[in-house]
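Here the structure is laid out as structure tokens; the discussion comes afterwards.
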Amino acid sequence: MSASSGPERHTSAAPAIELRGISKSFGPVQANKDISIRVMPGTIHGIIGENGAGKSTLMSILYGFYKADKGEIFIAGRKTEIPDSQAAIAAGIGMVFQHFKLVENFTVLENIVLGAEEGWLLRPSLAKARRSLLDLASEYGLNVDPDAVIEDLGVGMQQRVEILKALYRQADILILDEPTGVLTPSEADQLFRILDRLRAEGKTIVLITHKLREIMDITDTVSVMRRGEMTATVRTSETSPAELAELMVGRKVLLRVDKTPARPGATVLEIRGLHVSDEKGVERVKGIDLTVRAGEIVGIAGVAGNGQSELLELLGGMRGGKGAVLLNGAPLDLAGPHADGRGRRNRGIAHVPEDRQREGLIMDFHAWENVAFGYHHDPAYRSGVLMNNAALRADTDAKIEKFDIRPANGWQTARNFSGGNQQKIVVAREIERNPDLLLIGQPTRGVDIGAIEFIHKQIMALRDQGKAILLVSVELEEILSLSDRVAVMFDGHIMGERLPGETDEKELGLLMAGVSGQSDPLAAVN
Amino acid sequence: MDFLTVIQVLDSTVRLATPLLLACLAGLFSERAGIFDIGLEGKMLAAAFFSAAVAAVSGSVWLGLLAGIAASMVLSGLHGLASITFRGNQLISGVAINFLAAGLTVLIAQDWFSQGGRTPSLMGGARFAPITLPFADAVAKVPVIGPIYSELLSGHSVLVYIAFLAVPATWWILFRTRFGLRLRAVGENPAAVDTAGVSVVGLRFAAVAICGVLCGIAGAYLATALQAGFVKDMTAGRGFIALAALIFAKWRPWHALYACLLFGFLQAIALRYQNIDLGGIVIPVQAMDALPYILTVVILAGFVGKAIPPRAGGEPYVKER
Amino acid sequence: MEKMPRWADVVLIPLISLILAAAISAVVILAIGEDPVAAVRLMVDGALGSTYGWGYTLYYATNFMFTGLAVAVAFHARLFNIGGEGQAMLGGLGVALVALYVPWPHWSFALIFAVAGAALFGAVWAAVPAYLQARRGSHIVITTIMFNFIAAAVLNYVLVNLLRPAGSMDPASARFPEAVHLPTLHEMLAPFGIAFSKAAPANVSLLVALLACLLVWLLIWRTRLGYEIRAYGHSETGALYAGISPFKITMIAMIISGALAGMMAINNVMGEAERLVLNATEGAGFIGIAVALMGRSHPFGVFLAAILFGFLYQGGAELALWTSIPRELIVVIQALVILFTGALDNMVRMPLEALFLRLRKRRA
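Chains as they are written, first to last, in my numbering: chain A, 1 to 526; chain B, 527 to 847; chain C, 848 to 1211.
Below, the structure is given as structure tokens:
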């Protein structure tokens, strides 16, 4: 995908979108501070920033999903009030949310027509939508079966329906929020081709992402957000990934973690022919083999949804499976009463789960209660039949001190800590158990940069103590900088293993798309 | 059982199924829009009292019907306020509404009529009279078809016919109109409706209001057509049987009709016979009373096909990205 | 940062909700042409003005402590047990079987086994909906409602066909033998020289209820099982992560809940009626919902709310006796309490949170 040289065409026209002085608070948190931005028509404008920088909030305001506390919006040079989505649609704005807003058991056609019906009878609306859909499909190359039910479609197709929904409403401005998060690299390329075509037709596109590569590939201009503020707006052709990264985090970023060479020891985890199914009975891990040795970090790369989560959950005791998993040579139960989180912990497996808010913490528990979470059967936290809360609180204070958790208040509920400090609570709890094997999923998702470095250092320190670590992350950069060995998962299979020093993002990207690296790079494996 | 008995039991089935059907369709609108409603019972009860009270005072059953619908809609509004506006727990709100109706109806009945929580008996124009369908008397003597037409189909109050016509009407609204599409969508994924520029709150209140109207008719039917006046707790769990029928029907209008007819039939049998002797095995009347509830439990447990409620049901809608 | 201080959440919100419910009740009393102030005076006098009044207030409160705790324990596991009524009915059956068919030497033995029988029957009646939810995905609210109706039918059948003494027309069991008579407060306090009304039904079950409050507090806040119940109630995926079995917790929480609801029967069946009658529960199972909501699912809160509802019940009975206000006024108050402390919680909470936020901003 090459950057297009589009922006010069429309410089004389009024900006398609202009925001002036937008501010928005959620309770005590200020998500957007005095943000101003101009997007010219017929361009692709990127908005980049870390998680929680306020990108999505800003675009949700533009789409009328939230109401700004202060500020003005101009669309095509005209001041426009956008109190709700209806107004946004009327102003020619369409939005593709990160989590699709589709009715799962409706057909494509019904989803497209919903809210944009003509008259109060359904049939004429559906007939008209069917005709328009065919026109749009041929015009933009967006083919989709109008009568397919959404839940039967893959994510790429569902995203296409979202784009069609916006186009059916005659959107001139299309906002996409993290559109590639759930796509394979090849699906993402396909999306970018569609965006290219939309731009060529004169549509204005706003692309929200935290991936530098996407910004460099497709955008004409880019705005950088940090902690609710807009730190810069530049032409993409006049900037570099390093500069953008620095603007994003506010200082120079170490893209690599300082690390000593690994000294792997005996095999700790050995997986042979493992199959795991999800709750719907769909097989998500399709017979994989993997080993992790003492003193090494094995990173699993892959697009979200290719079986990594299920693998981690099986190892953490959260779901069952078939096959053989050995820990220090002795088999792990994959079914039965001990195939649960408690059984795993007893075997010396610690687990930092992918989603700390839904899994790793009880958000309404105090920090000190969370420090026992999963380990609440530990005799050290017990006195007789009752729990020894005093011991727990003392332990919590020690961990707060050691991991620099702020505020240093064990009585605060988990909900009221920042993302980084929440993650520190989880990491402290798991690492301090001195496990033989640490499972760690998305360790730095939604975590500020300071905490990222701290958590990375803790992981490295644990490795250097000779522990085995299995890391799952959708951030390739994180995988490459932490791992001693990288395995790539695609569609439930391990596509290959690489040493981080002997591979690059491009090769891994191909593996993540299901394209085997060794032989013909175009031959898909499935 | 001779033919005439069968006709009589079926006639009774139709009468007893009517309030269930109205309440069941009421629940269908509400739950299809994502608002669970275990307050059907309370709304029916309030409507039964106010329809009977106003009909008794004014002498007009139609004014009574309007008053019943109004009372039911006030409670619907309360449920909407709690579960839509203030995003409260829909089940708890429903429980509260049931008690509110149970208490207030007796309290007001005592204050107005001083007859131990009843209304005076309704007579003449204060009650819905049976409607004789054309030629009902003429064909009554024709074998088989005659009794079916003149006894079973003819001779019900207008509300019975309204209830049965409400079934195709509901189906048509739900699956053939814009409103129906949006209503079903808001019960499945309110975020999709919201981002499509349609008001989630507006749709849900509309659904809850329709639910109020139908519950109002159901309650009015109980007090002014099925019986002649209001007595304390006269709904006697019909709201819950309607709820059971709704689950039984898997939230589909035509199936709601079948489920309500089945439950109405069970009630008609239980009313007519004390213990049923099935060739040596005696089924006690209590078993007949409990049967709708047992059937619902069995259905819910998925032993006879799985009942999957609307996916956003019971959850207040909170905007999120 | 917490949105508002804990005391506001625990004390202020229930208090405001209660005041709102009381104010609307006052309007209702006014509307039916009675004087709310006089009504309150009459209620206080009737419920708290004599040991007779106290005896009834505490008798009702005992019922509500059991059913309130039952709802509260289930709430902690995020399970809404509407089936307290049916579980209490079945508990009555358990008590009746223990009292009628075993020759007890002393009431104390009888009480212990009656508690066990009541708990067992209540627990079984709650365990079935729990199992259906945990294994078959049936919604526990609907199932427990259905089980209330089924329980009523079962009890009706048992009383009419099995337990009714020959020759009796009444759908009720025979009177329990004298040996299982539970000491009333009058009998218990007399040895200490304290005069307590002889006619009031409050009995030794009150002490069992208080003990239950204490044990539930220990269970929920001080044991691993309580920790697991609360964790599961907050997050099912979290529970799975921590190795807490959702199936196990659903079953155990509902069994404890059902057992507590069933145990109410030692008070109303064994302590008061001394035989099993139809509709012995008189809606106490449903009042448990109001009590648990009002008491914020905390055993001490449940204790206070149960006393309050005991007062309302006895006061309401007195009102019905001396004025034209029927007993159903209490049902209205109960509905309003459920409405304000449960369903309309946010109506009170949101303005308060905004208020505290503004106060803090001003201070900062």
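Every residue gets a Cβ at the ideal spot worked out from N, C-alpha and C, and that includes glycine.
Assign residue i to buried or exposed, taking buried as 16 or more other Cβ atoms, counted over all protein chains shown, within 10 Å of its Cβ.
i	result
residue 805/B	exposed
residue 120/A	exposed
residue 143/A	exposed
residue 138/A	exposed
residue 834/B	exposed
residue 461/A	exposed
residue 522/B	Outside the displayed span of chain B (527 to 847) sits residue 522/B, for which this structure offers no information.
residue 1041/C	exposed
residue 135/A	exposed
residue 81/A	exposed
residue 848/C	Per-residue confidence for residue 848/C stands at a pLDDT of 49, beneath the threshold of 50, marking its modelled position as unreliable; no derived number is given.
residue 7/A	Residue placement at residue 7/A is flagged as unreliable, the pLDDT there being 43, under the threshold of 50; the coordinate-derived value follows with that caveat. Per the 10 Å Cβ criterion, buried.
residue 912/C	buried
residue 524/A	Caution is warranted here: a pLDDT of 38 is assigned to residue 524/A, below 50, making its placement in the model unreliable, and no coordinate value can be reported.
residue 9/A	Here residue 9/A scores only 45 on pLDDT, less than 50, and its place in the model should not be relied on; the value that follows carries that caveat. With fewer than 16 Cβ atoms within 10 Å of its Cβ, residue 9/A is classed as exposed.
residue 520/A	Low confidence applies to residue 520/A: its pLDDT is 39, below 50, so where it sits in the model is not reliable, and the reading given next is rough at best. Exposed, because fewer than 16 other Cβ atoms sit within 10 Å of the Cβ of residue 520/A.
Over what stretch of residues does the alpha helix (DSSP H) that includes residue i continue unbroken?
i	result
residue 377/A	Run containing residue 377/A: none; DSSP gives neither H nor E here.
residue 324/A	No alpha helix (DSSP H) contains residue 324/A, which is instead part of the beta strand (DSSP E) from 322-327.
residue 1023/C	Neither: residue 1023/C is in no alpha helix (DSSP H) and is coded neither H nor E.
residue 764/B	764-774
residue 367/A	367-370
residue 598/B	587-606
residue 30/A	Looking at the DSSP string, residue 30/A is not in any alpha helix (DSSP H); the run it does join, the beta strand (DSSP E), is 29-39.
residue 498/A	Premise fails: residue 498/A lies in the beta strand (DSSP E), 493-498, not in any alpha helix (DSSP H).
Between residue i and residue j, is the Cβ-Cβ spacing less than 7 Å?
i	j	result
residue 110/A	residue 151/A	no
residue 570/B	residue 703/B	no
residue 843/B	residue 726/B	yes
residue 302/A	residue 264/A	no
residue 749/B	residue 542/B	no
residue 594/B	residue 742/B	yes
residue 993/C	residue 631/B	no
residue 420/A	residue 451/A	yes
residue 1127/C	residue 1138/C	no
residue 71/A	residue 22/A	yes
residue 647/B	residue 755/B	yes
residue 554/A	residue 108/A	This structure does not reach residue 554/A, given that chain A is present from 1 up to 526, and the question cannot be answered.
residue 101/A	residue 57/A	no
Which two residues bound the contiguous beta strand (DSSP E) that contains residue i?
i	result
residue 559/B	Neither: residue 559/B is in no beta strand (DSSP E) and is coded neither H nor E.
residue 20/A	17-26
residue 72/A	70-75
residue 174/A	173-177
residue 991/C	Where residue 991/C is concerned, there is no enclosing beta strand (DSSP E), although the alpha helix (DSSP H) it sits in stretches over 987-1004.
residue 385/A	No beta strand (DSSP E) contains residue 385/A, which DSSP labels as neither H nor E.
residue 301/A	297-301
Using DSSP's beta-bridge definition, name the partner residues of residue i.
i	result
residue 331/A	326/A
residue 557/A	Past the edges of chain A, shown from 1 to 526, lies residue 557/A, and the structure says nothing about it.
residue 286/A	275/A
residue 306/A	Partner(s): none; residue 306/A has no beta bridge.
residue 808/B	803/B
residue 512/A	According to DSSP, which records beta bridges pairwise, residue 512/A is partnered with nothing at all.
residue 95/A	175/A
Report task. For the segment 402-441 of chain A, list the beta strand (DSSP E) runs that are entirely contained and at least 3 residues long, ordered along the chain. Result -> 437-441
Requested in this report: Only counting runs of 4 or more residues, tell me where the alpha helix (DSSP H) segments fall wholly within the segment 433-489 of chain A, in order along the chain.
Outcome: 449-464 and 476-482
Requested in this report: Quick one: which unbroken alpha helix (DSSP H) runs of 4-plus residues sit fully inside the segment 922-958 of chain C? Chain order, please.
Outcome: 931-948
Query - Minimum length 4: unbroken alpha helix (DSSP H) runs contained in the segment 1144-1169 of chain C - result: Listed in chain order, they are 1146-1169.
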